[in-house]
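I have placed the structure first, in the form of structure tokens, so that the comments after it can refer back to it.
2 protein chains.
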Amino acid sequence: MTTGTATAQAHPNIAFIKYWGNKDQELRIPVNGSLSMNLDGLFTQTTVTFNTFFPKDSLTLNNKPITGAGLDRVTGILDLVRQRAGMNTSAEVRSDNNFPTGTGIASSAAAFAALALAASTAAGLHLDEQQLSILARRGSGSASRSIPGGFVEWQAGADNDDSYAFSFAPAEHWNLADCIAVISSEHKPTISSQGHTLASTSPLQAARIADAPRRIDICRQAILNCDFEALAAIVELDSDMMHAVMMTSTPALFYWRPATLAVIQAVRDWRSEGLPVCYTIDAGPNVHVLCPQEYVETTANRLRTVDGVQEVLVSKTGGPAKLV
Amino acid sequence: MTTGTATAQAHPNIAFIKYWGNKDQELRIPVNGSLSMNLDGLFTQTTVTFNTFFPKDSLTLNNKPITGAGLDRVTGILDLVRQRAGMNTSAEVRSDNNFPTGTGIASSAAAFAALALAASTAAGLHLDEQQLSILARRGSGSASRSIPGGFVEWQAGADNDDSYAFSFAPAEHWNLADCIAVISSEHKPTISSQGHTLASTSPLQAARIADAPRRIDICRQAILNCDFEALAAIVELDSDMMHAVMMTSTPALFYWRPATLAVIQAVRDWRSEGLPVCYTIDAGPNVHVLCPQEYVETTANRLRTVDGVQEVLVSKTGGPAKLV
Numbered sequence: 115m116t117t118g119t120a121t122a123q124a125h126p127n128i129a130f131i132k133y134w135g136n137k138d139q140e141l142r143i144p145v146n147g148s149l150s151m152n153l154d155g156l157f158t159q160t161t162v163t164f165n166t167f168f169p170k171d172s173l174t175l176n177n178k179p180i181t182g183a184g185l186d187r188v189t190g191i192l193d194l195v196r197q198r199a200g201m202n203t204s205a206e207v208r209s210d211n212n213f214p215t216g217t218g219i220a221s222s223a224a225a226f227a228a229l230a231l232a233a234s235t236a237a238g239l240h241l242d243e244q245q246l247s248i249l250a251r252r253g254s255g256s257a258s259r260s261i262p263g264g265f266v267e268w269q270a271g272a273d274n275d276d277s278y279a280f281s282f283a284p285a286e287h288w289n290l291a292d293c294i295a296v297i298s299s300e301h302k303p304t305i306s307s308q309g310h311t312l313a314s315t316s317p318l319q320a321a322r323i324a325d326a327p328r329r330i331d332i333c334r335q336a337i338l339n340c341d342f343e344a345l346a347a348i349v350e351l352d353s354d355m356m357h358a359v360m361m362t363s364t365p366a367l368f369y370w371r372p373a374t375l376a377v378i379q380a381v382r383d384w385r386s387e388g389l390p391v392c393y394t395i396d397a398g399p400n401v402h403v404l405c406p407q408e409y410v411e412t413t414a415n416r417l418r419t420v421d422g423v424q425e426v427l428v429s430k431t432g433g434p435a436k437l438v
Numbered sequence: 115m116t117t118g119t120a121t122a123q124a125h126p127n128i129a130f131i132k133y134w135g136n137k138d139q140e141l142r143i144p145v146n147g148s149l150s151m152n153l154d155g156l157f158t159q160t161t162v163t164f165n166t167f168f169p170k171d172s173l174t175l176n177n178k179p180i181t182g183a184g185l186d187r188v189t190g191i192l193d194l195v196r197q198r199a200g201m202n203t204s205a206e207v208r209s210d211n212n213f214p215t216g217t218g219i220a221s222s223a224a225a226f227a228a229l230a231l232a233a234s235t236a237a238g239l240h241l242d243e244q245q246l247s248i249l250a251r252r253g254s255g256s257a258s259r260s261i262p263g264g265f266v267e268w269q270a271g272a273d274n275d276d277s278y279a280f281s282f283a284p285a286e287h288w289n290l291a292d293c294i295a296v297i298s299s300e301h302k303p304t305i306s307s308q309g310h311t312l313a314s315t316s317p318l319q320a321a322r323i324a325d326a327p328r329r330i331d332i333c334r335q336a337i338l339n340c341d342f343e344a345l346a347a348i349v350e351l352d353s354d355m356m357h358a359v360m361m362t363s364t365p366a367l368f369y370w371r372p373a374t375l376a377v378i379q380a381v382r383d384w385r386s387e388g389l390p391v392c393y394t395i396d397a398g399p400n401v402h403v404l405c406p407q408e409y410v411e412t413t414a415n416r417l418r419t420v421d422g423v424q425e426v427l428v429s430k431t432g433g434p435a436k437l438v
């Protein structure tokens, strides 16, 4: 092959039961399973072109050339693809997000899911969903969950081949929405990949892990039953448990800002007044506020009134990574 | 005896290693030991008068008559005193704080320490420090720590008679100060006594308890060595661990407000710039910022510039509860 090209789109996902900490850091095999839904309104689009005339791999992200650690991480995935396809051709990777990066909207999840699909296709491979999820995971753990569509479970697994994500309910199963209260679009001080290595320094991480199967069962069942009240309780507990571990790591990781806490408190107040909303927060200051679709307008409007909320992005449940 | 009166003063205390959760709720025997220092600048003054002409116990707190649960809790202590003294005389209790109540400055600690000393003395008892600490504990767990002076350890103990506090270093041992950033003087939504009963609902509480002896040893040693850096690390970790348990209880307890988090972040930034400060937070929104005495002015002035800080109270290390 002298050339091959493919373009893929993938959504970020919001975890209901969080991924935090690896049992194998290099392979990104997590200490606990996790659950998420894809975010329809947001996506990364990535084009990979292999060409024997390229002297080396290159990466352009949102129109900016990227070198160093960012490019190395992409080359790591390209190497896995090249190895599998039996080739050593360099690639040009061009990736664009329609949402701000580095704010806890898990841009790396969408990015590595799109990359896994585009790169493997451009190399002439035909990977199934499970193989794609495993490949995406190698770039960013949560990217494994952006390969399948709808409501997704990532089983922790024991080794590379059985740590992958699958859909347990399609996007149409439940009209859930995510109203993302954007607190800051600054780059976060500690990126998730580094944070994962600190998880085991928290005296609370072992308890979080030990309790994870229980939380996953409750959360999966709440989704299958479309039971918002049950979902709210377990999603907030799980998010708070992850941030508890982060804040009690050495060094301590504080992703919350004052406005993050203001949104948490507002959401808890609104729910106690009868509005079906709950919050969950990834490794960043933004707050994902979940609600049934019919409450999106009320929720988004209220969020815009909270001090420190810069904008609100709204997203429905999204489908799988796909070629375009 | 037809009449007997005594007046006592006691300081609140700030815990470096926190008390959260009881193994015996009624006796207030804690699940873990704790460490604290008394706060010199703040105190409760309480006068107890037994008189056979009083038809029943009465309580006046900051010039307001108190009935109901507040009075019942005081009567509980008076009953223990009367039982021990072999009397059944009613008492008039008058108590005044020189600091705002219900804001997480542990007013109940100072209140029940002063009450234990004043009531037992007014009843003609001569209790030693250990017996006073046990008696105070029955009214409010952390009150056991406001009986001895200086730097105090409350050993959890297994039963009523060996759950008490003692001084392990006098107030003069180390010139530490507490700059209390007052965020709100509103009454807190869940008082500590109720919160303790929820601690065991957190999936993280068992891990917090299991790790407590390690934290106590590190903290005690840091104090004995006057090692601020070591103190800062363990005090912040312990405070964050307690709030982690609170936030992951069912129902969840959030004592932090947006301004609480702003102070946490400011303190962490200032320390990374070289100012020896650290934070610890009780069951309320206020932030206790510890520093060596010579940094009090800088610290208090900086705290006053943080959005949402209403005032800053400054306190040195205080002595034991005493008769006045």
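Sequences listed follow chains A and B, in order.
To get our numbering, take the position in the first sequence, counting from 1, and add 114.
To get our numbering, take the position in the second sequence, counting from 1, and add 114.
Each residue gets a CB set at the ideal place from its N, CA and C atoms; glycine is no exception.
Neighbour list for residue i in chain A, Cβ cutoff strictly below 8 Å
i: L318 of chain B; result: L318, A321, R322, M355, A358
Residue i - containing beta strand (DSSP E), residue span
i: L149 of chain B; result: 148 to 152
i: Q123 of chain B; result: 117 to 124
i: T394 of chain A; result: 392 to 394
i: V426 of chain B; result: 425 to 430
Contacts of residue i in chain B (Cβ-Cβ under 7 Å)
i: L351 of chain A; result: T362
Element boundaries [alpha helix (DSSP H), containing residue i]
i: L345 of chain B; result: 342 to 361
7 Å Cβ cutoff met for residue i and residue j
i: R418 of chain A; j: V428 of chain A; result: no
i: L192 of chain B; j: A122 of chain B; result: no
i: R196 of chain B; j: I297 of chain B; result: no
i: R142 of chain B; j: R251 of chain B; result: yes
i: G147 of chain A; j: W268 of chain A; result: yes
i: T362 of chain B; j: D354 of chain A; result: yes
i: S256 of chain B; j: Y133 of chain B; result: yes
i: A295 of chain A; j: V410 of chain A; result: no
i: G144 of chain B; j: A320 of chain B; result: As written in the sequence, residue 144 of chain B is Pro, which differs from the Gly given in the question. Going by C-beta atoms, P144 of chain B is not nearer than 7 Å to A320 of chain B.
i: M360 of chain B; j: L367 of chain B; result: yes
i: F282 of chain A; j: F265 of chain A; result: yes
i: V391 of chain B; j: V401 of chain B; result: no
Under 9 Å by beta carbon: chain B residues contacting residue i
i: D325 of chain A; result: P317, L318
Simplified DSSP assignment, three categories, for residue i
i: N415 of chain A; result: helix
i: D138 of chain B; result: strand
i: P372 of chain B; result: helix
i: Y409 of chain A; result: helix
i: L404 of chain A; result: strand
i: Q159 of chain A; result: strand
i: A129 of chain B; result: strand
i: L389 of chain B; result: coil
i: L338 of chain B; result: helix
i: V381 of chain A; result: helix
i: L367 of chain B; result: coil
i: F164 of chain A; result: strand
i: P144 of chain B; result: strand
Partners in chain B for residue i, counting only beta-carbon separations shorter than 8 Å
i: I378 of chain A; result: F368
Listed by chain order, chain A residues near residue i by CB distance under 7 Å
i: A373 of chain B; result: P372
Distance cut-off 6 Å: residue i Cβ against heavy atoms of the ligand PLP
i: T364 of chain A; result: Absent from the structure shown: the ligand PLP. Ligands present: none.
Output the residue ranges of the beta strand (DSSP E) runs that lie fully inside the segment 171 to 250 of chain B and measure 3 residues or longer, sorted by chain position.
-> 172 to 175, 178 to 180, 205 to 211
Give, in chain order, every unbroken run of the alpha helix (DSSP H) that is at least 4 residues long and sits entirely within the segment 248 to 333 of chain A.
-> 306 to 312, 319 to 324
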